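Asker:
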Amino acid sequence: MPNNLVIVANRLPVDRVEQADGTPGWRLSPGGLVTAIEPVMRANDGVWLGWPGGTDQDLEPFEHDGMSLVPMSMSQTDIELFYEGFSNGTLWPLYHDLVAKPEFHREWWDAYVSVNRRFAEKAADNAAEGATVWVHDYQLQLVPQMLREIRPDLRIGFYLHIPFPPGELFQQLPWRRQLLEGLLGADLVGFQGHGAAGNFVRLVRQRVGHKTHKDLVYLPDGRTVRAAAFPISIDSQGFEDLATSEPVAARAKEIREALGSPTKVFLGIDRLDYTKGIYARLRAFSELIADGHLDVEDAVFVQVAVPSREQVEQYRILRDDIDRLVGRINGDLGRIGRPAISYLHSSYPREEMAALYRSADIMVVTPYRDGMNLVAKEYVACRTDNTGALVLSEFAGAAEELRQAWLVNPYDINGMKSALLEAYRAEPKETTRRMKAMRRTVTQNDVAAWADSFMTELADIRSSHGKAVRPAKRS
Ligand code: GDG
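Numbering (the working numbering), first residue to last: 20 to 494.
(1) Looking at C-alpha atoms only, which residue of Ala379, Asp77, Leu88 is the closest neighbour of Trp45?
(2) Could you name the residues that DSSP lists as bridge partners for Arg30?
(3) Would the C-beta of Pro368 count as close to the ligand GDG, meaning under 7 Å from any of its heavy atoms?
(4) In whole angstroms, what is the alpha-carbon distance linking Val410 and Thr462?
(5) Does DSSP put Thr385 in a helix, a strand or coil?
(6) Assuming Ile381 and Lys448 are in contact, meaning their beta carbons sit under 8 Å apart, how far apart are those beta carbons, in whole angstroms?
(7) By the three-class DSSP mapping on this structure, what secondary structure does Arg481 have?
(8) Name the DSSP beta bridge partners of Ala318, please?
(9) What separation, rounded to the nearest whole angstrom, lies between the Cα atoms of Ser494 and Arg167?
(10) Where do the N-terminal and C-terminal ends of the beta strand (DSSP E) with His331 fall, by residue?
(11) For the stretch 244-251 and the stretch 336-351, state whether three or more C-beta atom pairs, one from each stretch, are separated by less than 8 Å.
(12) Alpha carbon to alpha carbon, what distance is there between Asp116 and Ala219?
(13) Exposed or buried, what is His229 when buried is set at 16 or more other beta-carbons lying within 10 Å of its beta-carbon?
(14) So what does DSSP say about Ser94, is it helix, strand or coil?
(15) Report yes or no: do three or more beta-carbon pairs, one from the stretch 160-180 and one from the stretch 127-141, lie closer than 8 Å?
(16) CB-CB under 8 Å to Val427, same chain, minus the five flanking residues each way: which ones, in chain order?
(17) Report buried or exposed for His155, applying the criterion of at least 16 other Cβ atoms within 10 angstroms of its Cβ.
(18) Could you pull the start and end residues of the alpha helix (DSSP H) that Phe189 belongs to?
(19) Quick one: is Thr109 buried, meaning 16 or more other Cβ sit within 10 Å of its Cβ, or exposed?
(20) Please report the distance separating the alpha-carbon of Ala467 from that of Arg328.
(21) Between the alpha carbons of His180 and Phe210, how many angstroms are there, rounded?
(22) Taking the straight line between their C-alpha atoms, what separation do you get for Glu148 and Leu278?
(23) Out of curiosity, what's the CA-to-CA distance linking Tyr473 and Glu332?
(24) Does DSSP put Phe249 in a helix, in a strand, or in coil?
(25) Please state whether DSSP places His213 in a helix, a strand or coil.
(26) Spell out the partners DSSP gives Ile360 in its beta bridges.
(27) Can you list, in chain order, the residues of its chain whose CB lies under 6 Å from that of Glu420, leaving out five sequence neighbours each side?
(28) In the DSSP assignment, what residue or residues form a beta bridge with Ala415?
(29) Taking buried to mean at least 16 other C-beta atoms within 10 Å of its own C-beta, is Met60 buried or exposed?
(30) May I ask whether a heavy atom of the ligand GDG can be found less than 7 Å away from the beta carbon of Arg290?
(31) Between which two residues does the beta strand (DSSP E) containing Leu426 stretch?
(32) Rounded to the nearest angstrom, what separates Val27 and Leu477 at their Cα positions?
(33) I want to check one thing, is the minimum distance from the CB of His180 to the heavy atoms of the ligand GDG below 7 Å?
(34) Taking all protein chains shown into account, decide if Asp465 is buried (16 or more other Cβ within 10 angstroms of its Cβ) or exposed.
(35) Using DSSP bridges, identify the partner residues of Ala146.
(36) Do you know whose CA, among Asp34, Thr151, Glu99, Val33, lies nearest Gly65's CA?
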């Protein structure tokens with residue numbers, strides 16, 4: 020049945036699980052996007068289209084927990100060329116400041132085009148006349164244009180969860196024009212920050228040659244595309260409730276005891292990704308111990324590295340590098356029952372995440388580049404008693420809002436050492452002042468407000484400008 024709202028994302032919001040009776044079933048995946056979009060889906064009788072994981076072919080649409088889900092199949096080759104290849108081997112590093120070297124392969128690009136086309140066609144099949152389609156993230160940047168070609172009646176929104184790079188980097192991409200034109204199929208293109216939106220509009224002017232004014236792009240066919248910032252957030256109330264629940268409070272206490280009841284607990288939680296700056300932060304912390312500023316009797320660093328993209332070469336190398344570094348630091352600086360770093364390569368339920376946030380005095384979030392970084396916001400949401408310090412990279416989108424964090428440049432190890440030490444030594448009055456201000460920001464701007472503002476903007480947009488615009492000069 021055609022729907023008035025279609026969400027298109029690389030992944031469906033469910034994971035496959037084995038049920039008690041041994042039969043396969045589905046479980047809602049944890050995560051902000053599901054929380055944000057679920058209410059909008061329900062209110063609009065929407066459908067969510069995406070890859071369920073795995074290589075099963077031709078799965079039928081199904082309902083889960085009242086949500087209509089349309090699975091898109093992926094072959095092993097699609098996974099290798101489209102997902103691990105072009106999405107995570109080309110676009111991910113290119114859009115994150117070349118923290119790793121992007122690879123450009125024509126067969127990866129061809130797979131990207133064909134998977135995007137399949138998503139666009141399936142979205143077209145599922146959308147009612149005049150429906151709204153909301154496409155998500157870097158894996159699907161060609162979908163807006165492909166979809167508009169099939170279904171010009173649709174209202175199309177696109178949201179990029181990761182940074183959008185400046186022209187100097189983006190122009191390396193052999194397929195730069197195609198990607199920009201792909202995005203221009205949308206009526207509204209949303210970014211995490213103003214910088215990203217500005218980069219996009221500038222590139223459209225320079226590379227595609229369209230007329231632009233502030234955040235608007237005027238297309239020769241009379242359509243207008245708006246590019247704007249919609250900083251994403253979290254289910255703040257949900258995290259607050261979880262953090263104050265009895266079991267989570269008890270677990271937080273247990274965690275501190277298991278760590279040997281140190282004076283201060285430092286915490287990092289990240290997907291094991293080279294953009295997150297895990298290596299540099301652990302080095303900075305270990306140097307503080309080696310220099311004698313911190314003692315393993317007083318301070319411990321808990322680093323949770325959530326397994327991620329394990330088939331991609333650069334992620335395997337990173338894992339080995341971090342394993343070695345942690346081994347060396349603990350070997351050199353640890354004492355019996357007192358490792359300097361408590362390292363966990365695993366994923367955890369939301370309750371355990373909340374308990375970790377509650378148990379940590381200093382949260383350390385130091386990506387080299389990050390669209391937003393929800394972990395920083397989740398930590399703040401869980402500090403209901405206004406205690407705790409946040410050390411945050413100025414290159415995370417979250418730094419634009421969480422100004423009261425100890426802001427650091429993750430490339431500057433000495434600067435990070437000073438910030439870690441300042442946060443460690445800060446008077447309670449100082450940490451409380453900062454935390455209170457950050458908590459106001461996170462509670463006032465939650466993920467529901469984010470989804471709402473994007474959808475409202477998309478609904479209000481006037482998609483034709485009625486201006487005479489000459490065909491673009493192409494470069
Ligand atoms: C991309 C952008 C942007 C992590 N491990 C576990 C777990 N998580 C949850 C966290 C958090 C989310 O996953 C991670 O979000 P981040 O924002 O920190 O980072 P990315 O995965 O890189 O996300 C990023 C985001 O999209 C949203 O637009 O902010 O910049 O890169 O919510 O809590 N949750 C559970 N167990 C885990 O082990 N339950």
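Ideal Cβ placement from N, Cα and C applies to all residues, glycine included. Values in this document were obtained by computation on a predicted structure and should not be read as measured data.
Answerer: Straight from the coordinates:
(1) Of Ala379, Asp77, Leu88, the residue nearest in Cα terms is Leu88.
(2) Listed as beta-bridge partners of Arg30 by DSSP are Trp70.
(3) The ligand GDG approaches Pro368 closely enough that one of its heavy atoms is under 7 Å from the residue's Cβ.
(4) Roughly 19 Å between the two C-alpha positions.
(5) Taken through DSSP and simplified to helix, strand or coil, Thr385 comes out as coil.
(6) The distance from the Cβ of Ile381 to that of Lys448 is about 16 Å, inconsistent with a contact at the 8 Å cut-off.
(7) Three-state result, Arg481: coil.
(8) DSSP lists Lys283 as the bridge partner or partners of Ala318.
(9) In this predicted model, Ser494 has a pLDDT of only 44, less than 50, meaning its place in the structure is not dependable; the value taken from the coordinates is given anyway. Taking C-alpha positions only, Ser494 is separated from Arg167 by approximately 23 Å.
(10) According to the sequence shown, residue 331 is Val rather than His. Under the DSSP assignment, Val331 falls outside any beta strand (DSSP E); it carries neither an H nor an E label.
(11) Under the three-pair Cβ rule at 8 Å, the stretch 244-251 does not count as touching the stretch 336-351.
(12) First, the amino acid is wrong: residue 219 is Phe here, not Ala. Whole-angstrom Cα-Cα distance: 15 Å.
(13) Label assigned to His229: buried.
(14) Correct three-state label for Ser94: coil.
(15) Cβ pair count under 8 Å is three or more, so yes.
(16) These residues qualify, in order along the chain: Thr385, Val410, Leu411, Ser412, Glu413, Gly434, Met435, Ala438.
(17) Its Cβ being crowded by 16 or more others within 10 Å, His155 is buried.
(18) Segment 186-189, the alpha helix (DSSP H) holding Phe189.
(19) For Thr109, the number of other beta carbons within 10 angstroms of its own is at least 16, and it is reported as buried.
(20) Each residue's Cα considered, the two are about 29 Å apart.
(21) C-alpha separation (whole angstroms): 7 Å.
(22) Cα-Cα distance, rounded: 58 Å.
(23) Before going on, a small fix: residue 473 reads as Phe here, not Tyr. Note on geometry: alpha-carbon atoms of Phe473 and Glu332 lie some 36 Å from one another.
(24) The DSSP-derived three-state label of Phe249 is coil.
(25) DSSP places His213 in helix when its eight states are reduced to three.
(26) According to DSSP, residue pairing for Ile360 in a beta bridge involves Phe320.
(27) The residues are Thr460.
(28) Answer is Asp389, bridged to Ala415.
(29) Within a 10 Å sphere around the beta-carbon of Met60 sit 16 or more other beta-carbons, which makes this residue buried.
(30) The ligand GDG has a heavy atom closer than 7 Å to the beta-carbon of Arg290.
(31) From DSSP, the beta strand (DSSP E) with Leu426 extends over 425-427.
(32) Straight-line spacing of the CA atoms in Val27 and Leu477 works out to 15 Å.
(33) Yes - the ligand GDG has a heavy atom lying nearer than 7 Å to the Cβ of His180.
(34) When all chains shown are included, Asp465 counts as buried.
(35) In DSSP, Ala146 forms a bridge with Asn22.
(36) It is Thr151.
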